[in-house]
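>
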Amino acid sequence: MSIISKLFGKSPFEPLYQHMLKVKACVDLIRPLIDALLEGEEEKVKDVAKKIFKAEHDADLVKKDIRNNLPKTIFMPVARGDILRFLKEQDHIADSAEDLAALLILRKTTVPEELKEELKDFIDKVLNTSELAMTVSSEIKLLAETSFGGEEAHKVMELIEELKLKEWEADKAQMTAAKKLFSIEKKLDPVSVVMWMSIFKELGTLANHAENAGDQMRMMLHNT
Amino acid sequence: MDASFILIAAVLIGLYSAINIGANDVANSMATSVASGALTIKGAVFTAAVCNVLGAVLVGSHVANTIRKGLIDPLQFSDRQTLFLFGMLAAVLGSALWVNIATYFKLPVSTTHSIIGGVVGFGLVSVGFAGIKWKVVLFVVLSWIISPVFGAIIAFIIFSIIKKLILSSPEPIEQTKKIGPFFVGIVVFILSISVIFKGPKNLHLDLPFIEALLVSLCIGAGGFFLGSFLLRRYKERDTDPYYQVEKMANPLQILSAGFQAFSQGANDVANAIGPVAAIWAVVKTQKVEMTVSIPIELLLIGGAGLAFGVYTWGYRVMETVGKKITSITPTRGFSAGFGTATTVLLCSRLGMPVSTTHVAVGNIIGVGLARGISAINLDVIKKIISAWVISLPAAGLFTVAIYFILTILFI
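Line by line, the protein sequences are chains V and P.
For the record, in the first sequence the residue sitting at position 194 is 194 according to the numbering used here, with numbers rising by one throughout.
For the record, in the second sequence the residue sitting at position 187 is 187 according to the numbering used here, with numbers rising by one throughout.
(1) Output yes if chain P places a C-beta closer than 8 angstroms to the C-beta of Pro12 (chain V); else output no.
(2) Can you check the segment 314-347 of chain P for any beta strand (DSSP E) of at least 3 residues that lies completely inside it and give the ranges in chain order?
(3) Taking 8 angstroms as the CB-CB cut-off, is Ser169 (chain P) touching chain V?
(4) Would you mind listing the beta strand (DSSP E) stretches within the segment 53-82 of chain P that are 3+ residues and don't spill past its ends, in chain order?
(5) Can the beta-carbon of Phe200 (chain V) be found closer than 8 angstroms to that of Ala178 (chain V)?
(6) Is the separation between the beta-carbon of Ile190 (chain P) and that of Leu345 (chain P) shorter than 8 angstroms?
(7) Between V:Tyr17, V:Arg218, V:Pro190 and V:Ile30, which lies nearest to Ile52 (chain V) when the distance is taken from Cα to Cα?
(8) Quick one, which residues of the segment 66-91 of chain V are near chain P if we go by CB-CB under 7 angstroms, in chain order?
(9) Can you tell me the Cα-Cα spacing of His204 (chain P) and Ile19 (chain P), whole angstroms?
(10) What separation, rounded to the nearest whole angstrom, lies between the Cα atoms of Trp313 (chain P) and Gly305 (chain P)?
(11) Counting contacts by CB-CB distance shorter than 8 angstroms, is Ala155 (chain P) in contact with chain V?
(12) Would you mind listing the alpha helix (DSSP H) stretches within the segment 53-132 of chain V that are 4+ residues and don't spill past its ends, in chain order?
(13) Going by the CB atoms, is the gap between Thr399 (chain P) and Gly118 (chain P) shorter than 8 angstroms?
(14) Among residues of its own chain, excluding the 5 on either side of Gly220 (chain P), which ones have a beta-carbon nearer than 6 angstroms to its beta-carbon?
(15) Taking the alpha helix (DSSP H) that Gly194 (chain P) falls in, what are its first and last residues?
(16) Just the Cα atoms here: how many angstroms apart are Thr224 (chain V) and Glu158 (chain V)?
(17) Please list the partners that Glu145 (chain V) has in chain A, where partner means a Cβ-to-Cβ separation under 8 angstroms.
(18) Which residues of chain P have a Cβ atom closer than 7 angstroms to the Cβ of Ile3 (chain V), listed in chain order?
(19) Considering just the uninterrupted stretch of the alpha helix (DSSP H) at Ala213 (chain V), what are its terminal residues?
(20) Straight-line CA distance for Lys490 (chain P) to Thr146 (chain V)?
(21) Alpha carbons only, please: which of V:Ala213, V:Glu211 and V:Gln174 is nearest the one belonging to Trp196 (chain V)?
(22) Judging by CA-CA distance, which residue of P:Gly303, P:Ala307 and P:Ala270 is the nearest neighbour of Ala91 (chain P)?
(23) When you compare each of V:Gly81, V:Pro32 and V:Lys6 to Met219 (chain V) by their alpha carbons, which one comes out closest?
(24) Along chain V, which residues have their Cβ under 8 angstroms away from the Cβ of Gly372 (chain P)?
(25) With H, G and I counted as helix, E and B as strand and the rest as coil, what does DSSP make of Ile405 (chain P)?
(26) Give a yes or no on whether the C-beta atoms belonging to Ala133 (chain V) and Ala210 (chain V) are separated by under 8 angstroms.
(27) Starting from the beta carbon of Lys198 (chain P), find every residue of chain V whose beta carbon is closer than 9 angstroms, and list them in chain order.
(28) Could you say which of P:Ala38, P:Val45 and P:Leu15 lies nearest to Ala27 (chain P) if we only look at CA atoms?
(29) Short check: CB of Thr356 (chain P) to CB of Gln264 (chain P), under 8 angstroms?
(30) Can you check DSSP and say which residues form a bridge with Asn250 (chain P)?
(31) Going by the DSSP bridge assignment, what does Asn377 (chain P) pair with across the sheet?
(32) Which residue's Cα is closest to the Cα of Lys10 (chain V): P:Leu378, P:Ala395 and P:Ser374?
(33) Return helix, strand or coil for Ile8 (chain P), following the three-state DSSP convention.
(34) Check the Cβ of Glu151 (chain V) against every Cβ in chain P and list those closer than 7 angstroms, keeping chain order.
(35) With a cut-off of 8 angstroms on the beta carbons, I'd call Ala36 (chain V) and Lys24 (chain V) a contact; round off their distance for me.
(36) Give a yes or no on whether 8 angstroms exceeds the smallest Cβ distance from Leu226 (chain V) to chain P.
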């Protein structure tokens, strides 16, 4: 076999793109999950949660595969550490979605009428953030094509800036929702309050990881 | 033993080496084109075969002369021609044997290193330490270190230019139409000047520098306009412009692949027929001559051997290699191919027998350093260096053993 073919290692960028697709599958299930919760359909919540567990597992498999194929002797256009940290953050998004789903099937949770509007708004903001993170991530193949520089990197950089803004909006929505929760605390039993705080926290964490993934992507860009 | 018998034996072994070289090295020039889809395997094999023959015939004599008379002065053998004939025969046979054994053990050895090891080994035992032109040997060994680095620098620069002017631009397609023709012109210019500047006398291609420069500039300009004409005809599609740039770079990559196969033919034909040419000169003139030039027929035989190897086993090599490399696109393939071809051709013109594979590896790393390649296994470098170091003494020892056997049997 020619030495030339041995010289080329396995590119991590196509698998990173595949990983993004798996994480996106998790993120895309959050809306149906919350819709089922809002409508009080317990069975459906369980159903969607199961799908999220499966999607998260798929993402894990791709993550493992990428890590196994990145020995230290491989030379890439971006630092190996940057790729691994980006992968970790992106994977955390799926983990958060999984944790959220787990919380919702642990205990039968009903959404108090007064909280519905704030919850919907919060979910919208979180999903805006994570979906934008997926868009940023989907550029990885084109970035590799353009050597992580130039016009393409510039475009991605602007998306990352926007991502920061979205995450900040998600933070604000979380505050509003939490305030609302405490304003009706007397009506709720204490366990429900704890439960809602956990749910909010998990959603906030998801948005944070989405932002971090964008920040890690920024570490890979050059000349911008 | 009859001298013409030795010549026939040497031609056959040389032909065998040429077939081996052709089969194994076709991947260096063509694999990236096949992998990126610019060429089918059939097209790649055909292009490589034709370009190998052309390179061998038009530029092949320089390196062949180095092997024939550059390392050991044949005049030292004027009163014992048979020893010289046996030695050169042993060198082709010994290095072919070593390359085969090394290939069996999956060592990435270079045919070039082996043949030099063989000739020097024979020189050491026949005329001793003082009989070898160590200055030439030193230059050759230095060229083995410098050529991959030099190639890497060219590939780095070319890909950086493509990156800066095309891939970073907001209008990559328009930029390709502007920049692409220059690359075509440069390739054609280098090819032309390498052939006609003091080229083969028998083909009347031995122009002096100024004339060769002027003619080559004209031919290069022709390449520029042809490239410009072809690129302007490109119609934009719906896909992302960066992928379209790669599509547009397909012909450029094929051009550089052909360029690479040409320079490979020019350099590698000497590995097969260098010692044969030495034997031929003795048989032809019945004395050890310095001035006889290498006949076109011999270069043609070597070139045909390379082409035959490409056609027979090269097919299989291409299939496996092409499937394995998917991460290289036409812009990268062009950069690496251009750097490799230019370096190898320059070395060929200077009479330096270099390892085309090592130069190709250096160039791919050069593109990688310009952040052009997704993943490069740096492990390979270690393997190459160790095979490099083993090759010289191993091929030398094989040659010496065969040389002694021949002298014991026939003298």
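Virtual Cβ for every residue (Gly too), placed ideally from N, Cα, C.
From the atom records:
(1) Translated into the one-based positions of the first sequence, residue 12 (chain V) becomes position 12. At a cut-off of 8 angstroms between C-beta atoms, Pro12 (chain V) counts as an interface residue with respect to chain P.
(2) none
(3) The residue you call residue 169 (chain P) lines up with position 169 of the second sequence. With 8 angstroms as the cut-off, Ser169 (chain P) counts as an interface residue toward chain V.
(4) none
(5) Taking the first sequence and counting its residues from 1, one reaches residue 200 (chain V) at position 200. Taking the first sequence and counting its residues from 1, one reaches residue 178 (chain V) at position 178. Yes, Cβ-Cβ distance for Phe200 (chain V) and Ala178 (chain V) is below 8 angstroms.
(6) For the purposes of this step, residue 190 (chain P) is identified with residue 190 of the second sequence, where counting begins at 1. For the purposes of this step, residue 345 (chain P) is identified with residue 345 of the second sequence, where counting begins at 1. Yes. Within cutoff.
(7) The sequence position of residue 52 (chain V) within the first sequence is 52, counting from 1. When only C-alpha atoms are compared, the closest one is V:Ile30.
(8) Thr73, Ile74, Phe75, Met76 and Pro77
(9) Within the second sequence, residue 204 (chain P) is the residue found at index 204, counting from 1. Within the second sequence, residue 19 (chain P) is the residue found at index 19, counting from 1. When rounded, the distance between both Cα atoms is 29 angstroms.
(10) Taking the second sequence and counting its residues from 1, one reaches residue 313 (chain P) at position 313. Taking the second sequence and counting its residues from 1, one reaches residue 305 (chain P) at position 305. About 12 angstroms.
(11) As a working mapping, residue 155 (chain P) is identified with position 155 in the second sequence. No - not a single Cβ of chain V is within 8 angstroms of the one on Ala155 (chain P).
(12) 80-106
(13) Counting from 1 along the second sequence, the entry for residue 118 (chain P) is found at position 118. Counting from 1 along the second sequence, the entry for residue 399 (chain P) is found at position 399. Their beta carbons are under 8 angstroms apart, which means Gly118 (chain P) touches Thr399 (chain P) by this criterion.
(14) In the second sequence, the residue the question calls residue 220 (chain P) occupies position 220. The residues are Gly185, Val188 and Phe189.
(15) In the second sequence, residue 194 (chain P) corresponds to position 194, counting from 1. One point to set straight first is that residue 194 (chain P) is Ser, not Gly, in the sequence displayed. That run of the alpha helix (DSSP H) goes Pro172 to Ile196.
(16) Against the first sequence, residue 224 (chain V) aligns to sequence position 224. Against the first sequence, residue 158 (chain V) aligns to sequence position 158. Because Thr224 (chain V) sits at a pLDDT of 43, beneath the cut-off of 50, its placement in the model cannot be relied upon, and the following sentence gives the value as read from the coordinates. C-alpha separation (whole angstroms): 10 angstroms.
(17) In the structure shown, chain A does not exist; the protein chains are V and P.
(18) Locating residue 3 (chain V) in the first sequence gives position 3, counting from the first residue. Within 7 angstroms Cβ-Cβ: Pro108, Thr357, Val361, Val380 and Ile384.
(19) Translated into positions along the first sequence, residue 213 (chain V) becomes position 213. Pro190 to Met220 is the extent of the alpha helix (DSSP H) around Ala213 (chain V).
(20) There is no way to answer for residue 490 (chain P), as the model of chain P reaches only from 1 to 411.
(21) Sequence index remark: in the first sequence, residue 196 (chain V) carries index 196 (1-based). The option with the nearest alpha carbon to Trp196 (chain V) is V:Gln174.
(22) For this step, residue 91 (chain P) is matched to residue 91 along the second sequence. The option with the nearest alpha carbon to Ala91 (chain P) is P:Ala270.
(23) Stepping through the first sequence from its first residue, residue 219 (chain V) is reached at position 219. The option with the nearest alpha carbon to Met219 (chain V) is V:Gly81.
(24) Numbered from its first residue, the second sequence carries residue 372 (chain P) at position 372. Per Cβ cutoff of 8 angstroms: Pro77 and Ser147.
(25) In the second sequence, counting from the first residue as 1, residue 405 (chain P) sits at position 405. DSSP places Ile405 (chain P) in helix when its eight states are reduced to three.
(26) The residue labelled residue 133 (chain V) in the question sits at position 133 within the first sequence. The residue labelled residue 210 (chain V) in the question sits at position 210 within the first sequence. Taking 8 angstroms as the Cβ cut-off, Ala133 (chain V) and Ala210 (chain V) qualify as a contacting pair.
(27) Within the second sequence, numbered from 1, the residue matching residue 198 (chain P) stands at position 198. Per Cβ cutoff of 9 angstroms: no residues; Lys198 (chain P) is ~32 angstroms from chain V at best.
(28) Counting from 1 along the second sequence, the entry for residue 27 (chain P) is found at position 27. That would be P:Val45, whose Cα lies nearest to the Cα of Ala27 (chain P).
(29) Here residue 356 (chain P) corresponds to residue number 356 of the second sequence, with the count starting at 1. Here residue 264 (chain P) corresponds to residue number 264 of the second sequence, with the count starting at 1. It is a contact, given that the beta carbons lie within the stated cut-off.
(30) Here residue 250 (chain P) refers to the residue found at position 250 of the second sequence. None, per the DSSP bridge assignment.
(31) The sequence position of residue 377 (chain P) within the second sequence is 377, counting from 1. Answer by DSSP bridge pairing, in chain order: V:Ile74.
(32) Numbered from 1 along the first sequence, position 10 holds the residue referred to as residue 10 (chain V). Lys10 (chain V) has its Cα closest to that of P:Ser374, out of P:Leu378, P:Ala395 and P:Ser374.
(33) By one-based count along the second sequence, residue 8 (chain P) stands at place 8. Helix, per DSSP.
(34) Indexing the first sequence from 1 puts residue 151 (chain V) at position 151. Under the 7 angstroms cutoff, chain P gives Ser168, Ser169 and Pro170.
(35) As a first step, residue 36 (chain V) is located in the first sequence; it is residue number 36 there, counting from the start. As a first step, residue 24 (chain V) is located in the first sequence; it is residue number 24 there, counting from the start. Contact flag wrong, Cβ pair sits at about 20 angstroms.
(36) Because chain V is modelled from 1 through 224, residue 226 (chain V) falls outside the range shown and cannot be assessed.
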